[in-house]
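Heads up: the structure comes next, in structure tokens.
Chains as they are written, first to last, in this note's numbering: chain F, 1 to 306; chain Z, 1 to 306.
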């Protein structure tokens, strides 16, 4: 039986530090970092995430604004809005909440963010710098994962790290970070053959594929560290009970919200792993904490305060 | 006993096509693609490579020029020269021959090349686009490897691909290409633990670590496809004889040049692999062919001829 590897305490510590620094810069420079977020369309999960980000900014003294656009806004207009944010002195960081409605060419929209303000680290220029182990803004979730592992002194150098999922925000940038940390990384995805066998080679296994409870114990080497990046809504009560028994919190979720949030990793994996990050309460809080930290970093970089 | 997977025939075919296209554009547009190469210092291998590139340009009707600078040129001056090439209409592609003398910050110099003219595909913007499977110029050696595998109908999708080496020009971009081709890639390097065991999982094994004959049969799964990117000079006669017996060509190399070119893969691997690329004559010719093709691509892109 392994231990739950929670992210909340570390997230709190990171945000505490950001809050103090923000207060310090306010005193010294009479300025605070500013985050602008763009939401296109009506994705409910996106709205929840953005509200969380906004609330965190408030608590840390960071200025934030959310710009909402209808799902049928012209791409050219959206890019013009981003250009406006690029040139605003008081906006240090810009994020486009993903996913964009499918009509948009997401890479094209993202590429219009100035790399210096690309707080999610998803502009090609920043991703290329990450790949080459150069300075630059880096995606928040992978940053949070690396911080979490380091905070528990879980070694990465020389170790086998298997990432299931190759997304822009998680899988690919995390693979680059692992290589930069001298880990031996394998990137798996839907086309990988013999996936349970490949993932069983991992000392550190990361689930970032977006399929609820997909990663069962057969995917896991005994004693592995398992990081669960998934965020999936489970609505089926019999499945919830199968997975969590009569867990009061889960059943309350179902009653009140109609779903409970689960990861890509089946909770049974805790019996086989050394560590498993819970969902919720694992990687999620760290993503937000790193977003706050990145916003502060962008603020400092733009003013040569590093 | 496996087969040698030569690159020459495919390289010739690719260059033939480039040559025809160049001739066509010369007729239609009265313009030819132009390649400018920058050499800093006196690295002998770099000079040989550049001469090969120059000769290939000549044969294909591509304009080329090599700009040589002393090893102690100011970085600011070097960047100014690159800026000049960035703005020249007749220069479609720019390459900085690597390695630069160690005093230079190579990433900084490379980042001053305009991404549209970055024929080696090593500008962060191009690497980021590659990572995200977007359009853009891509590094020549990995492009050549993918072309070679495809030309022999060696499947990549779903297969295990292990790359030993994480360089800017080969290991990292090749890993991105393999992921884009739906392969399952593992990136190994000097810090990887149990390297022979990890590399034995590969259906396709790529040696790009820069250590002569380092990859011995114990690294290789029986029937694997092995791609050798290494270029190492072997000067020790007893080692040459140990590796190649009384091979006339190798002994002649030693007598006439004082060395023979060997890869990262020990030639004995041919007994265990299904395919092995020879050195010389494997990946090398493809790198040059892809450089020619990339120069033509840059020419077309800049004129919207795609």
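Glycine included, every Cβ here is placed at the ideal spot set by N, Cα and C. Owing to the predicted nature of the structure, the values given are computational and were not obtained by experimental measurement.
**Request:** Would you mind telling me which residues of chain Z sit closer than 9 Å to residue 304 of chain F, beta carbon to beta carbon, in chain order?
**Result:** Here residue 304 of chain F refers to the residue found at position 304 of the first chain. Going along chain Z, no residue has its Cβ under 9 Å from residue 304 of chain F, so there is no contact; the nearest lies around 17 Å.
**Asked** If you compare alpha carbons, which of Z:37, Z:59, Z:89 and Z:17 is closest to residue 69 of chain Z?
**Response** In the second chain, the residue the question calls residue 69 of chain Z occupies position 69. The residue with the shortest Cα to Cα distance from residue 69 of chain Z is Z:37.
**Asked** With DSSP run on the structure shown, which of helix, strand or coil describes residue 284 of chain F?
**Response** Taking the first residue of the first chain as 1, we reach residue 284 of chain F at position 284. Helix at residue 284 of chain F.
**Prompt:** Where residue 165 of chain F and residue 264 of chain Z are concerned, what is the direct C-alpha to C-alpha distance, given to the nearest angstrom?
**Reply:** Here residue 165 of chain F refers to the residue found at position 165 of the first chain. Here residue 264 of chain Z refers to the residue found at position 264 of the second chain. C-alpha separation (whole angstroms): 31 Å.
**Request:** Thinking residue 276 of chain Z and residue 2 of chain Z are a contact (beta carbons under 8 Å), I'd like their distance in whole angstroms, please.
**Result:** Your numbering for residue 276 of chain Z matches position 276 in the second chain. Your numbering for residue 2 of chain Z matches position 2 in the second chain. Indeed they touch by this definition, with Cβ atoms about 6 Å apart.
**Message:** With H, G and I counted as helix, E and B as strand and the rest as coil, what does DSSP make of residue 14 of chain Z?
**Reply:** Along the second chain, read from residue 1 onward, the residue named residue 14 of chain Z stands at position 14. Helix at residue 14 of chain Z.
**Runs of beta strand (DSSP E) wholly within the stretch 156–219 of chain F (minimum 3 residues, chain order)** = 160–164, 184–188 and 204–207
**Request:** Go ahead and pull the three-state DSSP assignment for residue 95 of chain F.
**Result:** For the purposes of this step, residue 95 of chain F is identified with residue 95 of the first chain, where counting begins at 1. Of the three classes helix, strand and coil, the one that applies to residue 95 of chain F here is strand, per DSSP.
**Prompt:** Which chain Z residues are close to residue 26 of chain F, counting only those with a beta carbon under 9 Å from its beta carbon?
**Reply:** Reading the first chain from its first residue, position 26 is the one you call residue 26 of chain F. By Cβ distance, chain Z contributes nothing, its closest Cβ being about 33 Å from residue 26 of chain F, past 9 Å.
**Asked** Near residue 85 of chain Z, what residues of its chain come up, given a Cβ to Cβ distance below 6 Å and the 5 sequence neighbours on each side ignored?
**Response** As a working mapping, residue 85 of chain Z is identified with position 85 in the second chain. 36, 91 and 94, listed in sequence order.
**Prompt:** By a C-beta neighbour count over all protein chains shown, 10 Å radius and 16 as the cutoff for buried, is residue 168 of chain F buried or exposed?
**Reply:** As a first step, residue 168 of chain F is located in the first chain; it is residue number 168 there, counting from the start. Under this definition residue 168 of chain F is a buried residue.
**residue 67 of chain Z in three-state terms, based on DSSP** = Walking along the second chain from the start, residue 67 of chain Z turns up at place 67. Three-state DSSP puts residue 67 of chain Z in a strand.
**Asked** Would the beta-carbon of residue 106 of chain F fall within 7 Å of that of residue 289 of chain F?
**Response** Sequence index remark: in the first chain, residue 106 of chain F carries index 106 (1-based). Sequence index remark: in the first chain, residue 289 of chain F carries index 289 (1-based). Not a contact, by the Cβ cut-off of 7 Å.
**Item:** Any 3 or more C-beta pairs closer than 8 Å across the stretch 179–186 of chain Z and the stretch 264–274 of chain Z
**Value:** no
**Request:** Measure the CB-CB distance between residue 160 of chain Z and residue 203 of chain Z and report whether it falls below 7 Å.
**Result:** In the second chain, the residue the question calls residue 160 of chain Z occupies position 160. In the second chain, the residue the question calls residue 203 of chain Z occupies position 203. Contact: yes.
**Prompt:** If we cut at 7 Å on Cβ distances, does residue 124 of chain F have a partner in chain Z?
**Reply:** The count along the first chain starts at 1 and reaches residue 124 of chain F at position 124. So, interface residue.
**Asked** Do the CB positions of residue 60 of chain Z and residue 97 of chain Z come within less than 7 Å of each other?
**Response** For the purposes of this step, residue 60 of chain Z is taken as residue 60 along the second chain, with counting starting at 1. For the purposes of this step, residue 97 of chain Z is taken as residue 97 along the second chain, with counting starting at 1. For residue 60 of chain Z and residue 97 of chain Z, no; Cβs fall outside 7 Å.
**Request:** Spatial neighbours of residue 324 of chain F within its chain, please: CB distance less than 8 Å, with the 5 preceding and 5 following residues excluded, ordered by chain position.
**Result:** Nothing can be reported for residue 324 of chain F: it is not among the residues displayed for chain F, which extend from 1 to 306.
**Asked** Which two residues bound the contiguous alpha helix (DSSP H) that contains residue 154 of chain Z?
**Response** In the second chain, counting from the first residue as 1, residue 154 of chain Z sits at position 154. Unbroken run through residue 154 of chain Z: none, as it is neither H nor E.
**Request:** Give the DSSP-derived three-state secondary structure of residue 305 of chain F in the structure shown.
**Result:** Your numbering for residue 305 of chain F matches position 305 in the first chain. If DSSP states are grouped into helix, strand and coil, residue 305 of chain F belongs with coil.
**Request:** For residue 199 of chain Z, I'd like the list of residues in its chain whose CB is within less than 8 Å of its CB, leaving aside the five on either flank, ordered along the chain.
**Result:** As a first step, residue 199 of chain Z is located in the second chain; it is residue number 199 there, counting from the start. Taken in chain order, the residues that qualify are 162, 164, 188, 205, 215, 219 and 220.
**Message:** So residue 298 of chain F contacts chain Z; which residues on that side make the cut at Cβ distance below 7 Å?
**Reply:** Taking the first residue of the first chain as 1, we reach residue 298 of chain F at position 298. The contacting residues do not exist; residue 298 of chain F stays about 17 Å from chain Z at best.
**Message:** If you reduce the DSSP assignment to three classes, tell me which class residue 40 of chain F lands in.
**Reply:** In the first chain, counting from the first residue as 1, residue 40 of chain F sits at position 40. If DSSP states are grouped into helix, strand and coil, residue 40 of chain F belongs with the strands.
**Asked** What's the call for residue 121 of chain F, buried or exposed, on a 16-neighbour Cβ count within 10 Å?
**Response** Residue numbering aside, residue 121 of chain F sits at position 121 when the first chain is read from its first letter. Buried, by the Cβ-count rule.
**Asked** Are the C-beta of residue 166 of chain F and some C-beta of chain Z separated by less than 7 Å?
**Response** Sequence index remark: in the first chain, residue 166 of chain F carries index 166 (1-based). Closer than 7 Å to some Cβ of chain Z, the Cβ of residue 166 of chain F qualifies, so yes.
**Cβ-Cβ distance between residue 62 of chain F and residue 295 of chain F below 7 Å** = By 1-based counting over the first chain, the position of residue 62 of chain F is 62. By 1-based counting over the first chain, the position of residue 295 of chain F is 295. Yes, they are a contact pair.
**Request:** Using the DSSP secondary-structure output, state which residues sit across from residue 232 of chain Z in a beta bridge.
**Result:** Against the second chain, residue 232 of chain Z aligns to sequence position 232. Residue 232 of chain Z is bridged to Z:262.
**Message:** Can you confirm whether residue 179 of chain Z, when its beta carbon is compared against all beta carbons of chain F, has any partner nearer than 7 Å?
**Reply:** As a first step, residue 179 of chain Z is located in the second chain; it is residue number 179 there, counting from the start. It does: the Cβ of residue 179 of chain Z has a partner Cβ on chain F nearer than 7 Å.
**Message:** With distance defined between alpha-carbon atoms, name the residue in Z:300, Z:244, Z:299 and Z:283 nearest to residue 6 of chain Z.
**Reply:** Counted from its first residue, the second chain places residue 6 of chain Z at position 6. Of the candidates Z:300, Z:244, Z:299 and Z:283, the one whose C-alpha sits nearest the C-alpha of residue 6 of chain Z is Z:283.
**Request:** Could you check if residue 20 of chain F is buried or exposed, using at least 16 other CB atoms within 10 Å of its CB as the buried criterion?
**Result:** Within the first chain, residue 20 of chain F is the residue found at index 20, counting from 1. Classification for residue 20 of chain F: exposed.
**Request:** Measure from the alpha carbon of residue 238 of chain F to the alpha carbon of each residue in F:293, F:247 and F:176, then state which is nearest.
**Result:** Indexing the first chain from 1 puts residue 238 of chain F at position 238. Measuring from the Cα of residue 238 of chain F, the nearest candidate turns out to be F:247.
**Request:** Can you have a look at residue 224 of chain F and say buried or exposed, based on whether 16 or more other CB atoms are within 10 angstroms of its CB?
**Result:** Along the first chain, read from residue 1 onward, the residue named residue 224 of chain F stands at position 224. Residue 224 of chain F comes out buried.
**Item:** Beta-carbon proximity of residue 8 of chain F to residue 280 of chain F, cut-off 7 Å
**Value:** Against the first chain, residue 8 of chain F aligns to sequence position 8. Against the first chain, residue 280 of chain F aligns to sequence position 280. In this structure, residue 280 of chain F does not lie closer than 7 Å to residue 8 of chain F by Cβ.
**Asked** Checking contacts by CB at 7 Å: is residue 140 of chain F closer than that to chain Z?
**Response** For the purposes of this step, residue 140 of chain F is identified with residue 140 of the first chain, where counting begins at 1. Not closer than 7 Å to any Cβ of chain Z, the Cβ of residue 140 of chain F fails to qualify, so no.
**Message:** Just to confirm my understanding: we take residue 64 of chain Z, look at its own chain, exclude 5 residues before and 5 after, and list those with CB closer than 8 Å. What are they?
**Reply:** Residue numbering aside, residue 64 of chain Z sits at position 64 when the second chain is read from its first letter. Within the same chain, residue 64 of chain Z has close Cβ partners 34, 35, 36, 37, 53, 54, 57 and 58.
**Prompt:** Going along the stretch 101–118 of chain F in order, which residues come within less than 8 Å of chain Z, judged by CB to CB distance?
**Reply:** 107
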